[in-house]
Amino acid sequence: MLYTLYTLFPDLILPWTQEAIIGRAVEAGLVSFNLRNLREHAQNKWNRVDESPYGGGAGMVLRVDVAARAISEAKAMEPAPDEIILLSPAGEPFSQKIAEELAQKQHLCMLCGRYEGFDARLEPLVTREISIGDYVLMGGEIAALTLIEATARLIPGVLGDQESHQQDSFATGLLDYPEYTRPPDFEGNIVPEILASGHHAKVKQWRREKALERTFLRRPDLLETAALSSQDLKFLETLKKVKAES
Ligand code: ADE
């Protein structure tokens with residue numbers, strides 16, 4: 023996977039591509055990065071990329087012609103970008119499903135805004151607009167890194183065997199079950215006995231129930247789209263009854 027990022031701060035992104043799992047994936051040739059400074063496409067004496075908004079108001083707006091030149095450059099790359107993504111709080115909400123879809127691609131190009139964002143005439147020039155949540159960041163860089171983190175881990179070989187089971191647990195559409203490690207007793211808070219029982223089928227069932235319970239309590243909206251067995255549904259019924267009685 024090739025990630026091309028257009029940003030005013032490529033040096034902010036660079037360290038992220040050099041360490042930990044992403045750094046290893048780069049070394050292994052599984053992912054690569056093209057970090058581009060949007061300012062290189064400014065084409066004016068002062069290298070200006072922003073202007074005040076038409077109609078007045080606070081802040082500065084990023085110029086569409088600057089972004090359009092960046093997009094033309096990206097389109098000439100090999101392979102050409104499969105998606106040109108604008109990171110913006112007005113975009114479609116990012117999700118695991120979108121991450122799975124994007125992880126199949128070969129080249130993702132992302133545009134990171136700053137200030138009040140880009141001139142609205144950029145919208146028809148991109149293939150999608152994505153938001154990472156209902157809050158406003160100071161720029162699109164952290165949002166782009168979020169897309170990178172969520173997609174790169176889905177590329178075969180990026181996670182080792184040790185790590186890849188985590189992927190499976192979210193694929194169910196439920197929140198993850200709680201994990202425990204040593205010490206067995208932390209200030210009187212004891213690890214659930216079943217986890218040390220060595221009884222794999224019971225551990226599996228317990229984990230499934232905990233995932234269902236957590237999702238029921240914290241994110242009931244996820245239950246509407248999760249793949250649930252008849253046994254899961256029965257268990258959820260008991261949770262609902264307990265809740266109604268309490
Ligand atoms: N830029 C600023 N806020 C953002 C958000 N929530 N998602 C994506 N890009 C952004």
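Just so we're on the same page, our numbering is the position in the sequence shown counted from 1, plus 22.
Here a beta-carbon is modelled for each residue, glycine too, at the ideal position from N, C-alpha and C.
Nearest in C-alpha terms to P75, of all of I93, F140, I106, is F140. In terms of Cβ geometry, I120 and V148 do not form a close pair [threshold 9 Å]. In this structure, the C-beta of L244 stays at least 8 Å away from each heavy atom of the ligand ADE. Judged by their CB atoms, M99 and E138 are not nearer to each other than the 9 Å cut-off.
Beta-bridge annotation (DSSP): V83 is paired with E73.
In the pairwise beta carbon analysis, the stretch 200-213 is classified as not touching the stretch 128-136: fewer than three pairs are separated by under 8 Å. Under the three-state reduction of DSSP, L196 is assigned to coil, being neither helix nor strand. Under the three-state reduction of DSSP output, G45 falls in the helix class. Counting C-beta pairs with one atom in each stretch, the stretch 192-199 and the stretch 165-172 have fewer than three that are closer than 8 Å, which means they do not touch. The C-alpha of L130 is placed about 11 Å away from the C-alpha of K97. Taking 8 Å as the cut-off, the C-beta of S117 does not count as close to any heavy atom of the ligand ADE. T173: member of the alpha helix (DSSP H) spanning 163-174, first to last residue. Here I177 has M23, L52, V53, A125 as same chain residues with Cβ atoms under 7 Å from its own Cβ, once five neighbours each way along the sequence are excluded. Counting of Cβ neighbours within 10 angstroms places R241 among the exposed residues, the total staying below 16. When DSSP reads this structure, N59 sits in a beta bridge with T29. Contact annotation, F116 with I154: C-beta distance approximately 5 Å; criterion of less than 8 Å satisfied. Between the C-alpha atoms of A233 and E151 there is a straight-line separation of about 31 Å.
G155 has its Cβ nearer than 8 Å to a heavy atom of the ligand ADE. DSSP places L24 in the strand class (E or B) of the three-state scheme.
Counting other Cβ atoms within 10 Å of its Cβ, H222 stays below 16 and is therefore classed as exposed.
According to DSSP, residue pairing for F208 in a beta bridge involves N211. T203 is classed as exposed because its beta carbon has fewer than 16 other beta carbons within 10 Å across all chains shown.
Straight-line measurement puts the Cα of F208 at about 45 Å from the Cα of K127.
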